[in-house]
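Colleague: In our numbering, the protein residues as written are 586 to 748.
Got a structure here, written out as structure tokens. Questions coming.
As structure tokens, then:
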């Protein structure tokens, strides 16, 4: 039996963080949690972390695709918050953005860690950005670290004919 697992250390990893400026009062906490996790827990070199600001969550997939095409990054973390309003815009935006990001991740074989909050109100967004219920940015960073290492481990196993 062959078991492939990974750790979360990634000193040499190159990681992009794409962050929405919409709801910045929430998103800045997501970014803080993500950076803390990458640097303190993953030991990622600060010079290898690229932060890209976009106007809103809708614009994140385009930049994620552009970064993926370049094939110079090991993972992408996307951060933002979509807060439900009185229209169906919330549902359409949440569904579309997450589906497109998943397609980009699969097409270009790059982990895209989803740190986009989808909440019913501002209070839930604040809670999930580090106040009461953990920090979704930190969780996304952990996911990115584990996935980039897992992909590396699988590639190493293929190179050594374990598959």
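C-beta atoms are modelled at their ideal positions from N, C-alpha and C, and glycine is treated no differently.
Residue 665 bridges to which residues according to DSSP?
Modeller: If you number the chain shown from 1, residue 665 lands on position 80. DSSP output for residue 665 lists 701 as bridge partner(s).
Colleague: Please go through the segment 626-689 and give each complete alpha helix (DSSP H) segment of 4 or more residues, from N-terminal end onward.
Modeller: DSSP runs (the alpha helix (DSSP H)) wholly in the segment 626-689: 645-655.
Colleague: If you follow the alpha helix (DSSP H) that residue 711 is part of, which residue opens it and which one closes it?
Modeller: Mapped onto the chain shown, residue 711 falls at position 126. That run of the alpha helix (DSSP H) goes 707-713.
Colleague: For residue 607 versus residue 723, is the C-beta spacing smaller than 8 Å?
Modeller: The residue you call residue 607 lines up with position 22 of the chain shown. The residue you call residue 723 lines up with position 138 of the chain shown. Contact flag unset, no.
Colleague: Which residues mark the beginning and the end of the beta strand (DSSP E) in which residue 591 is found?
Modeller: The sequence position of residue 591 within the chain shown is 6, counting from 1. Residue 591 -> no beta strand (DSSP E), and no H or E assigned at all.
Colleague: Could you name the residues of the same chain whose beta carbon sits closer than 7 Å to that of residue 733, not counting the 5 residues immediately before and after it, in chain order?
Modeller: In the chain shown, the residue the question calls residue 733 occupies position 148. Closer than 7 Å at Cβ, skipping near neighbours: 595, 598, 659, 660, 696.
Colleague: Are at least three pairs of beta-carbons, each pair with one atom in the segment 634-649 and one in the segment 603-617, less than 8 Å apart?
Modeller: Because the criterion of three Cβ pairs below 8 Å is met, the segment 634-649 and the segment 603-617 touch.
Colleague: Can you give the Cα-Cα distance for residue 592 and residue 663, rounded to whole angstroms?
Modeller: Indexing the chain shown from 1 puts residue 592 at position 7. Indexing the chain shown from 1 puts residue 663 at position 78. Residue 592 and residue 663: Cα-Cα distance of roughly 21 Å.
Colleague: Helix, strand or coil for residue 741? Go by DSSP, reduced to three states.
Modeller: Walking along the chain shown from the start, residue 741 turns up at place 156. Residue 741: helix per DSSP, three-state reduction.
Colleague: At what residues does the beta strand (DSSP E) containing residue 604 begin and finish?
Modeller: The sequence position of residue 604 within the chain shown is 19, counting from 1. Where residue 604 is concerned, the enclosing beta strand (DSSP E) stretches over 600-605.
Colleague: Where do the ends of the alpha helix (DSSP H) carrying residue 608 lie?
Modeller: Locating residue 608 in the chain shown gives position 23, counting from the first residue. No alpha helix (DSSP H) holds residue 608; DSSP gives it neither H nor E.
Colleague: Of the choices 717, 700, 679, 600, whose alpha-carbon is the least far from that of residue 630?
Modeller: On the chain shown, position 45 is the one that residue 630 refers to. Comparing Cα-Cα distances from residue 630 to each of 717, 700, 679, 600, the minimum goes to 600.
Colleague: Got a sec? Which residues, its chain only, sit under 7 Å from residue 739 by beta carbon, not counting five neighbours each side?
Modeller: Working through the chain shown from its first residue, we reach residue 739 at position 154. Cβ within range, chain order: 589.
Colleague: What's the gap between the Cα of residue 616 and the Cα of residue 736?
Modeller: Taking the chain shown and counting its residues from 1, the one referred to as residue 616 is at position 31. Taking the chain shown and counting its residues from 1, the one referred to as residue 736 is at position 151. One C-alpha to the other measures close to 24 Å.
Colleague: Using a 10 Å radius around the Cβ and a threshold of 16 neighbouring Cβ atoms, would you call residue 682 buried or exposed?
Modeller: Position 97 of the chain shown holds residue 682. Classification for residue 682: buried.
Colleague: Verify whether the separation of the beta carbon atoms of residue 714 and residue 639 is less than 8 Å.
Modeller: Taking the chain shown and counting its residues from 1, the one referred to as residue 714 is at position 129. Taking the chain shown and counting its residues from 1, the one referred to as residue 639 is at position 54. Taking 8 Å as the Cβ cut-off, residue 714 and residue 639 do not qualify as a contacting pair.
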